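Structure first, commentary second.
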Amino acid sequence: MIRDYVLELTQIIESNIPESEKKNSILQYHESDIADALVNLSKEQRLKLYRLLDKEIVSEIFAYLDNVAEYLEELDQENVADIIELMDSDDAIDVLEELDEEDRKEIVSLMEPESVMDINLIDQFSEEQIGSKMTTNFIIISKNHDIKAAMKTVIKEAAENDNVSTIYVEDEYHHFYGAIDLRDLIIARENDPLIEIIKQNYPYFYANEEVTDCIGKLRDYALDSYPILNARNELIGVVTSDDVVEVLDEELGDDYAKLGGLTEEENLNESIVSSVKKRLPWLIALLFLGLIVSSLISGFEAVVAALPVIVFFQSLILDMAGNTGTQSLAVTIRMLSIEEVKTKELVKLCLKEIRVGFINGLILSLLAFLFVFCFLFLTKQAVSLEEYSHIEALKASGIVSLSLWVSMTLCSLIGSIIPIFFLKIKIDPAVASGPFITTLNDILAIAVYYGLAYLLFLAF
2 MIRDYVLELT QIIESNIPES EKKNSILQYH ESDIADALVN LSKEQRLKLY
52 RLLDKEIVSE IFAYLDNVAE YLEELDQENV ADIIELMDSD DAIDVLEELD
102 EEDRKEIVSL MEPESVMDIN LIDQFSEEQI GSKMTTNFII ISKNHDIKAA
152 MKTVIKEAAE NDNVSTIYVE DEYHHFYGAI DLRDLIIARE NDPLIEIIKQ
202 NYPYFYANEE VTDCIGKLRD YALDSYPILN ARNELIGVVT SDDVVEVLDE
252 ELGDDYAKLG GLTEEENLNE SIVSSVKKRL PWLIALLFLG LIVSSLISGF
302 EAVVAALPVI VFFQSLILDM AGNTGTQSLA VTIRMLSIEE VKTKELVKLC
352 LKEIRVGFIN GLILSLLAFL FVFCFLFLTK QAVSLEEYSH IEALKASGIV
402 SLSLWVSMTL CSLIGSIIPI FFLKIKIDPA VASGPFITTL NDILAIAVYY
452 GLAYLLFLAF
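Residues in the sequence shown are numbered consecutively from 2, following this note's numbering.
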């Protein structure tokens with residue numbers, strides 16, 4: 002049975018029990034569940050909830066909301082400034098970006114200088130850089146500490162920094178030195194050298210690295226957090242596991258949008274104008290590619306006029322060629338997004354896709370041959386002569402069959418080569434979108450299909 006958190010929280014808020022009991026009852030719920038319920042509460046109920054909870058709890062709840070600005074409007078600006086201060090720096094930036102410029106300046110002026118510095122540090126990086134995804138919520142100690150001093154520092158800073166599972170270490174020059182698992186620090190003996198539990202070859206990123214270049218390493222290591230360094234090798238922030246999930250989600254959403262022929266991912270709250278702007282560029286490009294397909298068909302006007310029956314099976318060739326190319330495209334983009342693939346492996350991938358397309362094309366072309374011949378035989382459909390002919394039917398079936406085989410083989414290759422080509426020229430492979438590949442496959446399939454029909458029926 003699915004629990005109704007909105008109903009449960011509403012009942013707690015509206016109950017007559019003491020406020021201390023209300024607060025304790027609400028704190029039994031996860032912040033994400035409270036955020037989901039918050040959206041469905043009335044303004045009066047939300048205000049009661051804000052008064053019950055500490056600002057720190059409210060800040061954690063707001064971090065799970067999509068449209069925070071509309072809820073911040075229910076609070077005075079001093080409270081808003083306090084709540085944003087308590088958020089992780091990356092979450093605080095996301096919230097501030099939702100506010101209009103005048104409110105943003107007013108709230109920032111009410112915030113502590115240290116919090117503003119953290120926000121400005123992250124805000125200097127573009128959304129495409131990993132530094133924009135980091136938070137300044139981490140604990141760092143000196144490699145010259147002993148076990149006792151290190152533990153004392155962790156206990157002291159844990160009150161303000163909740164990312165304590167990994168402790169970062171710097172040298173005497175404030176350069177990043179390595180990391181320590183909290184578990185290792187806890188079980189270490191007081192007289193053990195700290196250096197023995199420091200992982201000196203700990204993976205890290207530079208803040209100006211592109212997010213897309215970091216995806217493979219983020220996925221491979223699956224750590225709780227990753228250190229982010231500046232050009233001087235100083236630790237300036239960390240990317241937490243929550244941030245990693247968000248990064249992967251954004252990248253997958255972006256790739257999905259591009260595969261659908263969009264320039265960016267859309268959301269439900271976007272205006273019609275914004276959606277049109279995201280879809281129109283690719284549609285314009287595809288329009289011209291479509292005109293090329295139409296022009297190519299017009300070039301085979303003599304074939305269509307002499308053999309109108311083959312037009313019946315044009316969609317069969319185009320659809321199967323497009324489907325095959327899209328399958329290869331999906332496999333290739335998936336492989337390219339997982340890890341850095343060597344040239345040798347890319348060649349192996351292309352050869353595999355050709356073989357798969359060849360075998361699938363062979364099987365389907367044989368089935369298509371039987372289907373087309375049976376159709377022409379049963380309907381007594383004439384091909385190029387005025388009357389039905391078994392020889393003509395066999396030739397037409399052969400054209401459909403051979404065209405399907407050749408098209409599926411070549412389109413499998415194209416589906417692999419295009420994203421690899423885009424990767425080599427430093428363009429996101431996902432730009433080789435489904436509609437783009439399908440249109441290219443249409444051009445190839447039309448040339449193969451009508452070209453074979455011309456050669457077998459008209460040229461000889």
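We treat Cβ as the ideally placed atom computed from N, Cα and C, and that holds for glycine. Quick caveat: nothing in here was measured; it's all calculated off a predicted structure.
Am I right that ILE140 and VAL170 are in contact with their C-beta atoms under 8 angstroms? What's the rounded C-beta distance?
To locate residue 140, count along the sequence shown from 1; it is residue 139. To locate residue 170, count along the sequence shown from 1; it is residue 169. The pair is not a contact, with the Cβ atoms about 10 angstroms apart (cut-off 8 angstroms).
State the Cα-Cα distance for the pair ILE293 and SER385, rounded to the nearest angstrom.
For the purposes of this step, residue 293 is taken as the residue at position 292 of the sequence shown. For the purposes of this step, residue 385 is taken as the residue at position 384 of the sequence shown. So the alpha carbons of these two residues sit roughly 27 angstroms apart.
Every unbroken beta strand (DSSP E) inside the segment 92 to 146 [3 residues or more]:
141 to 143
Check each candidate in THR213, ASP182, ILE14 and name the one with the smallest Cα separation from LEU195.
For this step, residue 195 is matched to residue 194 along the sequence shown. Taking only the C-alpha atoms, the option nearest LEU195 is ASP182.
Taking the alpha-carbon of ARG190 as reference, which of ILE94, LEU317, LYS149 has the nearest alpha-carbon?
Residue 190 sits at position 189 when you count from the first residue of the sequence shown. ARG190 has its Cα closest to that of LYS149, out of ILE94, LEU317, LYS149.
For LYS200, the residue or residues it bridges with in DSSP:
On the sequence shown, residue 200 is found 199 positions in, with the first residue counted as 1. According to DSSP, LYS200 bridges with ALA180.
CB contact flag (GLY358, SER413, <9 angstroms)
Here residue 358 refers to the residue found at position 357 of the sequence shown. Here residue 413 refers to the residue found at position 412 of the sequence shown. Closer than 9 angstroms, so yes.
Compute the Euclidean distance between the alpha carbons of VAL59 and GLN12, then round it to the nearest angstrom.
Looking up residue 59 in the sequence shown gives position 58. Looking up residue 12 in the sequence shown gives position 11. Near 19 angstroms, if we compare the C-alpha coordinates of GLN12 and VAL59.
Please name the residue or residues paired with LEU230 in a DSSP beta bridge.
Position 229 of the sequence shown, counted from the first residue, corresponds to residue 230. Paired residues: TYR207, LEU236.
Between the alpha carbons of GLN29 and ASP37, how many angstroms are there, rounded?
Against the sequence shown, residue 29 aligns to sequence position 28. Against the sequence shown, residue 37 aligns to sequence position 36. When rounded, the distance between both Cα atoms is 15 angstroms.
Any chain D beta carbon closer than 9 angstroms to ALA232
Checking the listed chains, one finds no chain D in this structure; it contains a single protein chain.
Would you identify the three-state DSSP class for GLU158, choosing helix, strand or coil?
Translated into the one-based positions of the sequence shown, residue 158 becomes position 157. Of the three classes helix, strand and coil, the one that applies to GLU158 here is helix, per DSSP.
Contacts around ASN209, its chain only, beta-carbon distance under 6 angstroms, and the 5 residues preceding and following it disregarded
What you label residue 209 is simply residue 208 of the sequence shown in a count that begins at 1. Within the same chain, ASN209 has close Cβ partners GLN130.
Could you tell me which residues DSSP puts in a beta bridge with GLU171?
The residue labelled residue 171 in the question sits at position 170 within the sequence shown. Beta-bridge pairing links GLU171 to SER143, PHE177.
Would the segment 382 to 397 count as touching the segment 310 to 327 if we require 3 or more Cβ pairs under 8 angstroms?
yes
Using 8 angstroms for Cβ pairs, my map puts CYS351 next to SER417. What's the rounded Cβ distance?
Working through the sequence shown from its first residue, we reach residue 351 at position 350. Working through the sequence shown from its first residue, we reach residue 417 at position 416. About 5 angstroms separates the two Cβ atoms, so the contact holds.
Look at the alpha carbon of GLU393 and the alpha carbon of THR327, and state the distance between them as a whole number of angstroms.
Counted from its first residue, the sequence shown places residue 393 at position 392. Counted from its first residue, the sequence shown places residue 327 at position 326. Going by the C-alpha atoms only, they are around 33 angstroms apart.
Cutting at 6 angstroms between CB atoms, please list the residues of its own chain near GLU354, excluding the five before and the five after it.
Here residue 354 refers to the residue found at position 353 when the sequence shown is read from its first residue. Counting only Cβ-Cβ distances below 6 angstroms, and skipping sequence neighbours, we find SER329, SER413, SER417.
Do you know offhand how far ASP221's Cα is from ILE142's?
Position 220 of the sequence shown, counted from the first residue, corresponds to residue 221. Position 141 of the sequence shown, counted from the first residue, corresponds to residue 142. Straight through space, the alpha carbons of ILE142 and ASP221 are spaced by roughly 26 angstroms.
PHE422 classed as buried or exposed, judged by whether at least 16 other C-beta atoms fall within 10 angstroms:
Start at 1 with the first residue of the sequence shown, and residue 422 comes out as number 421. Exposed, since its Cβ has fewer than 16 Cβ neighbours within 10 Å.
Below 8 angstroms on the Cβ atoms is my contact criterion, and I expect SER408 with VAL373 to pass it. Report the Cβ-Cβ distance as a whole number of Å.
Against the sequence shown, residue 408 aligns to sequence position 407. Against the sequence shown, residue 373 aligns to sequence position 372. In fact, because the Cβ distance is near 15 angstroms, the residues do not count as touching under 8 angstroms.
Buried/exposed call for VAL348, threshold 16 Cβ in 10 Å
Locating residue 348 in the sequence shown gives position 347, counting from the first residue. When all chains shown are included, VAL348 counts as exposed.
Between the alpha carbons of MET88 and ALA64, how many angstroms are there, rounded?
Within the sequence shown, residue 88 is the residue found at index 87, counting from 1. Within the sequence shown, residue 64 is the residue found at index 63, counting from 1. Distance between the alpha carbons of MET88 and ALA64: 7 angstroms.
Segment contact flag, the segment 68 to 84 with the segment 95 to 102, C-beta cutoff 8 angstroms, min 3 pairs:
yes
Span of the alpha helix (DSSP H), counted from its first residue to its last, around SER398
By 1-based counting over the sequence shown, the position of residue 398 is 397. Residues 391 to 425.
With a Cβ-Cβ cutoff of 9 angstroms, do ILE108 and ILE85 count as a contact?
Position 107 of the sequence shown, counting from 1, holds the residue named residue 108. Position 84 of the sequence shown, counting from 1, holds the residue named residue 85. For ILE108 and ILE85, yes; Cβs fall inside 9 angstroms.
Can you tell me the Cα-Cα spacing of SER402 and GLN315, whole angstroms?
Taking the first residue of the sequence shown as position 1, residue 402 is located at position 401. Taking the first residue of the sequence shown as position 1, residue 315 is located at position 314. If I take the Cα positions, the gap works out to 12 angstroms.
Whole angstroms is fine: what's the gap from ASP225's alpha carbon to ASP193's?
Counting from one through the sequence shown, the residue named residue 225 turns up at place 224. Counting from one through the sequence shown, the residue named residue 193 turns up at place 192. The alpha-carbon of ASP225 is positioned some 25 angstroms away from that of ASP193.
Under 8 angstroms by Cβ, that's how I've got ALA446 and ALA286 pegged, so tell me the actual separation to the nearest angstrom.
On the sequence shown, position 445 is the one that residue 446 refers to. On the sequence shown, position 285 is the one that residue 286 refers to. ALA446 to ALA286, Cβ: 19 angstroms. No contact.
CA nearest to the CA of ILE1, picked from ALA151, GLU9, LYS427, ILE438:
A question about residue 1 goes unanswered here, because the residues of the chain that appear run from 2 up to 461.
Give the list of continuous alpha helix (DSSP H) stretches no shorter than 4 residues that lie fully inside the segment 278 to 322.
Listed in chain order, they are 302 to 307.
So, at 8 angstroms on beta carbons, what are the nonlocal neighbours of LEU186 in its own chain, with the 5 sequence-adjacent residues on each side left out?
Start at 1 with the first residue of the sequence shown, and residue 186 comes out as number 185. Answer for LEU186: ILE148, ALA151, MET152, VAL155, ILE168, ILE198, listed in chain order.
Same chain, Cβ closer than 7 angstroms to TYR6, five either side skipped, listed in chain order:
The residue you call residue 6 lines up with position 5 of the sequence shown. Within the same chain, TYR6 has close Cβ partners TYR30, ASP34, ASP37, ALA38.
Is it the case that the CB of ASP172 approaches a heavy atom of the ligand NAP more closely than 8 angstroms?
This structure lacks the ligand NAP; in fact it carries no ligand of any kind.
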